[in-house]
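Report on the following structure.
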Amino acid sequence: MKIHVKIEKQYEEIEVHLYANAYSDEVERVMKRLKTPVTTTIDGYKEQEIYMLKIEDIYSVYAEGPKIFFQTEEEEFESKRKLYELEELLSEQFTRVNKSTLINTNKIASIQLGRFGTPTLVLDNEVTVAVSRNYLKPLKQKLGIGRNAR
Amino acid sequence: MIIKIIRSCLIGLLIGLSCSYVLITIDAVTNPDAVLNGGNLLEQLLIAAAMGIAIGFVTLIFDTAFFSLPVQLLIHLSFVTLCVFIGGIVGSWFSDFSSFLLVFLNELIIYALVWFFILLTTKREVDEINEYLQSRKRIK
């Protein structure tokens with residue numbers, strides 16, 4: 001993808017023009033990304049107090065029954081949002097790895113083959129998270145590995 | 151989703167037909183006097199195809215998140231065994247007790263081979279991800 005930047009006084013606000021030979025998934029992704037407001041913090045709750053958590057400090061988001069939790073380096077905070085809402089909101093940095101967990105792709109230390117050949121992620125805080133086989137390919141894409149990488 | 155189902159059924163069909171071909175060949179080599187006419191062969195082919203498609207469909211259980219992997223494996227193996235049992239009755243594979251045992255021994259060997267292949271594929275993907283993570287760490 002080529003990016004041209006043109007700085008001229010005549011523009012009162014930023015304009016983005018996309019040029020492509022066809023309307024493709026990539027064009028749609030770029031448009032979606034441009035339209036999405038950049039979220040850097042999110043509200044987490046602990047002992048009836050609200051904390052504004054930096055998204056980059058969150059290692060994983062997981063569901064435990066009806067409750068949703070943010071896991072940071074050493075602490076856990078509850079979220080009032082649904083997992084699917086967070087999946088959409090945090091789609092820039094996070095990806096789903098099983099039915100109930102989203103992980104921050106920047107916090108993955110390694111991946112290992114666990115019992116019965118289940119791939120297991122090891123995060124930078126040494127917490128392990130099992131990856132369902134059907135989420136392995138989307139994880140690779142999210143990391144930019146292989147075909148259809150994002 | 152439909153593409154996924156068709157793909158899984160087709161893979162099952164191909165594995166079913168390949169295994170059937172290998173097993174019939176082994177049977178023909180070990181029992182040179184056995185006679186298999188066109189009708190029998192067609193019957194075995196149809197049984198293998200039906201079993202392959204059914205097993206291919208049930209293999210999608212591994213792509214769902216309903217059960218843990220050991221439970222998925224148990225359900226899948228039970229279904230495959232049931233398919234082999236039904237296939238054995240329809241295709242007259244059980245002439246005596248030893249043939250009954252041999253059929254299920256074959257099933258276990260094929261099942262282990264397919265599982266080993268899946269394990270190798272997953273390991274390759276895991277290695278690929280680790281390689282990327284290592285290079286990312288070096289850049290950081």
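First to last, the sequence lines map onto chains A and D.
The opening residue of the first sequence carries number 1 in our numbering; numbering runs sequentially from there.
The opening residue of the second sequence carries number 151 in our numbering; numbering runs sequentially from there.
All residues carry an ideal CB built from backbone N, CA and C; glycine is no exception.
### Message
Quick check on A/GLU85: buried or exposed, where buried means 16 or more other Cβ atoms within 10 Å of its Cβ?
### Response
Exposed, by the Cβ-count rule.
### Query
Taking DSSP as the reference, what is the three-state secondary structure of A/LYS82?
Three-state DSSP puts A/LYS82 in coil, outside helix and strand.
### D/PRO220 in three-state terms, based on DSSP
helix
### Task
Please classify D/PHE247: is it buried, with 16 or more other beta-carbons within 10 angstroms of its beta-carbon, or exposed?
exposed
### Query
For the candidate residues A/THR36, A/LYS2, A/GLU15, whose alpha-carbon lies nearest to that of A/GLU92?
A/THR36
### Query
Would you say D/ILE211 and D/CYS159 are within 7 Å of each other, going by their C-beta atoms?
no
### Query
Can you round the beta-carbon distance between D/LEU195 and D/SER170 to whole angstroms, since I take them to be within the 8 Å contact cut?
7 Å
### Query
For the beta strand (DSSP E) that contains A/PHE70, what are its first and last residues?
67-71
### Range covered by the alpha helix (DSSP H) that runs through A/ASP43
Unbroken run through A/ASP43 is the beta strand (DSSP E), 41-46; no alpha helix (DSSP H).
### Task
Check the DSSP bridge columns for A/VAL122 and list the partner residues they point to.
Answer by DSSP bridge pairing, in chain order: A/SER110, A/THR128.
### Query
Exposed or buried, what is A/LYS140 when buried is set at 16 or more other beta-carbons lying within 10 Å of its beta-carbon?
buried
#### Entry: DSSP beta-bridge partners of A/LEU53
A/ILE42
### Task
Would you list the residues sitting across from A/PHE77 in a DSSP beta bridge?
A/PHE70
### Query
So is A/THR120 in contact with chain D if we call contact Cβ pairs under 7 Å?
no
### Query
What span of residues does the beta strand (DSSP E) with D/ARG288 cover, start to end?
From DSSP, D/ARG288 is part of no beta strand (DSSP E) but of the alpha helix (DSSP H) over 247-289.
### Task
Measuring alpha carbon to alpha carbon, tell me which of A/THR72, A/LEU136, A/GLU75 ends up nearest A/VAL97.
A/LEU136
### Query
Is the Cβ-Cβ distance between A/ILE50 and A/ASP57 less than 7 Å?
For the 7 Å CB-CB criterion, A/ILE50 and A/ASP57 do not form a contact.
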